[in-house]
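First the structure, in the form of structure tokens, and then the observations on it.
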Amino acid sequence: MKRYDFKNIEKKWREKWLADKTYEPDLDRASRPFYNLIMFPYPSAEGLHIGGVRTFTGVDIYGRCKRMQGHDVFEPIGLDGFGIHSENYAIKIGKHPKEHAADSEKNFYRQLSEIGNGFAWDKRLETYDPEYYRFTQWIFVQMFKAGLAYRKKASVNWCPKCATVLADEQVIAGECERCQTQVIKKDLEQWFFKITNYAERLLQGLDHIDWSEKVKIAQRNWIGKSEGAEIDFKIKNSDRVITIFTTRPDTLFGATYMVLSPEHQLISELAKQIQNKDEVLRYIEASRKKTQEERQEAKEKTGVELKGIKAINPANGEEIPIWVADYVLSGYGTGAIMAVPAHDERDFEFASKYELPAPIVICPHWPEKTCPILDEAYTGEGHLVASGKFDGMPSEEAKWKIAEAVGGKRKIQYRLRDWLISRQRYWGPPIPMIWCNKCAKWTPEREENLPVLLPDVKEFRPTGTDKSPLANFPEFYKTTCPECGGEARRETDVSDTFLDSAWYYLGYLILGDQKSNIKNQKNPFDNERISRWLPVHMYIGGAEHSVLHLLYVRFLSMALHDMEFVDFAKASYGDPISVFRAHGLITKDGAKMSKSRGNVVNPDDYFMAYGADAMRMYLAFMSPLTEDGDFRDDGIRGITRFLGRVWNYYNGARTSDVQRTSDVHDVSETVRLTHKTVKKVSEDIESLSYNTAISALMILLTQMEKAQSSFADVAFLLMLAPFAPHITEEIFELRGSKESIHKAPWPKYNPAMIQDETFELVIQINGKVRDMVEAPIDITEEAARSLALAREKVKTLLSGTAPKKIIFVPKRLINIVV
RNA sequence: GCCCGGGUGGUGAAAUUGGUAGACACGAGGGACUUAAAAUCCCUUGCCCGUAAUAGGGCAUGCCGGUUCGAGUCCGGCCCCGGGCACCA
2 MKRYDFKNIE KKWREKWLAD KTYEPDLDRA SRPFYNLIMF PYPSAEGLHI
52 GGVRTFTGVD IYGRCKRMQG HDVFEPIGLD GFGIHSENYA IKIGKHPKEH
102 AADSEKNFYR QLSEIGNGFA WDKRLETYDP EYYRFTQWIF VQMFKAGLAY
152 RKKASVNWCP KCATVLADEQ VIAGECERCQ TQVIKKDLEQ WFFKITNYAE
202 RLLQGLDHID WSEKVKIAQR NWIGKSEGAE IDFKIKNSDR VITIFTTRPD
252 TLFGATYMVL SPEHQLISEL AKQIQNKDEV LRYIEASRKK TQEERQEAKE
302 KTGVELKGIK AINPANGEEI PIWVADYVLS GYGTGAIMAV PAHDERDFEF
352 ASKYELPAPI VICPHWPEKT CPILDEAYTG EGHLVASGKF DGMPSEEAKW
402 KIAEAVGGKR KIQYRLRDWL ISRQRYWGPP IPMIWCNKCA KWTPEREENL
452 PVLLPDVKEF RPTGTDKSPL ANFPEFYKTT CPECGGEARR ETDVSDTFLD
502 SAWYYLGYLI LGDQKSNIKN QKNPFDNERI SRWLPVHMYI GGAEHSVLHL
552 LYVRFLSMAL HDMEFVDFAK ASYGDPISVF RAHGLITKDG AKMSKSRGNV
602 VNPDDYFMAY GADAMRMYLA FMSPLTEDGD FRDDGIRGIT RFLGRVWNYY
652 NGARTSDVQR TSDVHDVSET VRLTHKTVKK VSEDIESLSY NTAISALMIL
702 LTQMEKAQSS FADVAFLLML APFAPHITEE IFELRGSKES IHKAPWPKYN
752 PAMIQDETFE LVIQINGKVR DMVEAPIDIT EEAARSLALA REKVKTLLSG
802 TAPKKIIFVP KRLINIVV
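First residue of the first sequence? That's 2 in the working numbering, and the numbers climb one at a time after it.
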């Protein structure tokens, strides 16, 4: 018996699938479309990460099963190779990003083909392809026209190492998402996308999509909705007011001072009246220089009182001081707060330090007891005290009553901020906007002129200034105004890489399509096709993108929807992805993979040594796809042994039945087990529990080796096909099939066949297992009782004691309580 | 600090959602085949007591309590590990 030659056989089938276009559905005619989407990788020269391989093959197992179940599965692949991550990598290895893209593209597509996925290769795309970013730019233009792209000067996140601004979502614990450098704040004029317009839709939509709960929670927290009121505080001897946002208007009587954020414009407006102006300006300057980390490290709050001006508490008419302090953020609410030390932890800390009064206005046990002396803020609910006519009112009720009484407006506030789109980098799509001095405004490049090509330049490295490297190339930025024809200047920043990936699932459907031509029509999206395939049926990817890609992709889809370019998702409020599952992460021998540990798994070595089928199965067998897994070289052996047994079984060398002649199993038992296995494997694949599906297949194979059954032979092979597509295809062909196994119908089970006739009745005494006996599946309680009590062992143990109680659980156990 | 996950043999992990804890594998030990090795196959394998015995018994799912005839699963308190958010008023 020749051993299974995976190298040649796997290669043979991959070539045949490609030639036969086995995995290329007809996008315009598919009758049961199933969009099986994988987060496309960004290519580094290191190649695919083993975690990526696990995800890709895991998604493919699901897709192959769906295909066999009769769906037209569309499983496209591409490369997210534009953007700062790829550019940084290119710089690191001393290559031009374009050159690096070409190299890594080749390497990635090789690896991606070797894993044996049923990719729709004809539809592959790369975000740095001008044909692709033509649309990225076109989308920017539409966003601008719809008022969703705008420029503003703001205090923004700046990464000194990457020399570019970053979106809030790309700042992780005060550090740059890409290079872990401390991010600082800079005041710059930048392009933003108005994602805040969609805060409520993004929040509501979460209730209508089937996504991993942890991603939904992360998005809810990020959007950060809170309900409260905006209340004006008058400034004494001034016609100006300070507007604050609070979620606790019920504590208004306890507001003993106010705080403005250092960036608050009122400070300069009131400058004349501030007696300690120099001190205030010094404080503002100092806090601006702090990095995020310094702001956090300096746990102790600081601030300076604006001497010479006072605000009036609208509830009780008292004059209260105004402070400036950097614990109040300019980007949230109105950038100003009323401070209620007794009922807010931060205000309490600040007030304690600067000896400001902290009167209690919410009492937790009114009226039974007096209010406690506080050694920390009380932030819970209670009844009002020291609040004039509101005394005794429950705080929840007083919220809106007090807000109303002082003319406050109900207000819903979101933590979410607008998406900063500009990047001062080279390797990205130039933002297609033109500034004309004469017209004194920004105008988008004409759509028929898109793409604005990224010029091929040698000096692509970040400049370290506020400008992109493209600002050094007059031949790039010098242009004419699309409106007046006069001299004008192009925007030299490029757009955020997350804009590239926010629409790629649409790209797979429209790119290279005759009808999708932005030169000739208003709407390049072929809605017939798009509506056929969207929303995406299954999307699997990393939870690390919860508030990055996964938020942006929803936002952009909603925006395109509202602009009436796409109409696929009326039912889902514009949400583009019906089902999302977050996969787990892979460790090696119990530790996180890292170069310094030297435990990085290079997929190429393993695919070479064991073949794609074995690797796919091992990665699937490790743990459920949605959970973390631990990669161990030892573990692969079990799978290669299993595949060897499969090969031998179908080639007439039933490995172990000779030795197991003592076991006499009849065919019907094998058939029954097969029906059960079909049910289990089908369900397990649906829930991405591939590990238990494979375990069931192993058990079935062992049974098949003991007793033959042609029914089991076929069903087993079909069920194994999604996991091990090559070997099953080869066996299928050897058995005389002309069609691909991957288009064969998924086996069905007969519910009548999975019903057992008997079961092991567990006999417990006081909850402890004491005996077991085979019993008919439908045994009555009466019968089970007498059966159990008649057992010798039970009699001995009871030794005449009468049972107090007997609990019978059908198909499971009987528990005798004494 | 807050919000999510998670903690089960030497290892990766199962457990029909309150009903036989450890399926399926890996590793280890023993055996068969072989001149030998590899490969393959068979047996054993949670811990402890105990037996001539694969008789019997006890303890075990991070820790401490509770509910229940019965708890890995539910409740309360605590300890670790991983991830996310972090002065959001």
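Backbone N, C-alpha and C fix where the C-beta goes; we use that ideal spot for every residue, glycine too. Fair warning: this is a prediction, and the values are worked out from it, not measured in the lab.
Here D457 has K99 as same chain residues with Cβ atoms under 8 Å from its own Cβ, once five neighbours each way along the sequence are excluded. Using a C-beta cut-off of 8 Å, the stretch 636 to 651 makes contact with the stretch 695 to 706, since at least three inter-stretch Cβ pairs fall below that distance. Cβ contact annotation for K468 (same chain, cutoff 7 Å, sequence separation greater than five): Q425 and T493, in chain order. DSSP places R411 in the uninterrupted beta strand (DSSP E) bounded by K410 to Y415. Closest in C-alpha terms to F809, from the list T797, K796, R792 and A784, comes A784. The secondary-structure analysis by DSSP pairs S87 with nothing; it has no beta-bridge partner.
Contact annotation: the stretch 520 to 531 does not touch the stretch 602 to 612, with fewer than three C-beta pairs closer than 8 Å. Straight across, the Cα-Cα distance linking T182 with I94 is about 19 Å. Restricting attention to beta strand (DSSP E) runs no shorter than 3 residues, the stretch 310 to 395 encloses them at 320 to 326 and 337 to 340, ordered along the chain. Distance between F526 and I338, taken at the CA atoms: about 47 Å.
Looking at the DSSP output, F246 sits in a beta bridge with E231. Taken in chain order, the whole alpha helix (DSSP H) runs of length 4 or more contained in the stretch 701 to 735 are 711 to 721 and 726 to 735. In summary, R582 is buried, with 16 or more beta-carbon neighbours lying within 10 Å of its beta-carbon over all protein chains present. By the criterion of a C-beta distance shorter than 6 Å, K235 is surrounded in its chain by V242 and I313, once the five residues flanking it on both sides are discounted. Secondary-structure assignment with DSSP links N603 through no beta bridge to anything. Counting only residues of its own chain and dropping the five nearest sequence neighbours on each side, R462 has a CB closer than 8 Å to the CB of I92, Y427 and P470. Separation of V567 and Q143 (C-alpha to C-alpha, rounded to the nearest whole angstrom) is 13 Å. The three-state reading of DSSP puts L790 in helix, counting H, G and I together. Spanning the alpha carbons of S114 and R15 requires a straight line of approximately 8 Å.
Between F120 and D73, the C-beta spacing is not below 8 Å. By the Cβ criterion, the stretch 276 to 284 is not in contact with the stretch 346 to 356, since fewer than three pairs of Cβ atoms, one from each stretch, lie closer than 8 Å. In the displayed model, D631 falls within a strand according to three-state DSSP. For T481, the pairing in a beta bridge is given by DSSP as E488.
For Y553, the uninterrupted alpha helix (DSSP H) segment begins and ends at H550 to D563.
Taking C-alpha positions only, V668 is separated from S738 by approximately 24 Å. DSSP places Q274 in the helix class (H, G or I) of the three-state scheme. The three-state reading of DSSP puts L454 in coil, since its state is none of H, G, I, E or B.
Boundaries cannot be given for H743, as no alpha helix (DSSP H) includes it and DSSP labels it neither H nor E.
Secondary structure of V281 (DSSP, three-state): helix. Taking each of E178, K290, H265 and S262 in turn and checking the Cα distance to K187, the smallest one comes out for K290. Distance from H101 to S87 at the Cβ level is roughly 7 Å; contact confirmed, criterion being Cβ atoms closer than 8 Å. DSSP places R289 within a helical segment (H, G or I) once states are collapsed to three.
DSSP places I224 inside the alpha helix (DSSP H), whose first and last residues are E214 to I224.
Note: A583 is bridge-paired with G542 in the DSSP secondary-structure output. Per DSSP, reduced to three states, the secondary structure at L762 is strand. Residue G630 holds the alpha-carbon nearest to the alpha-carbon of D590 among A615, A560 and G630.
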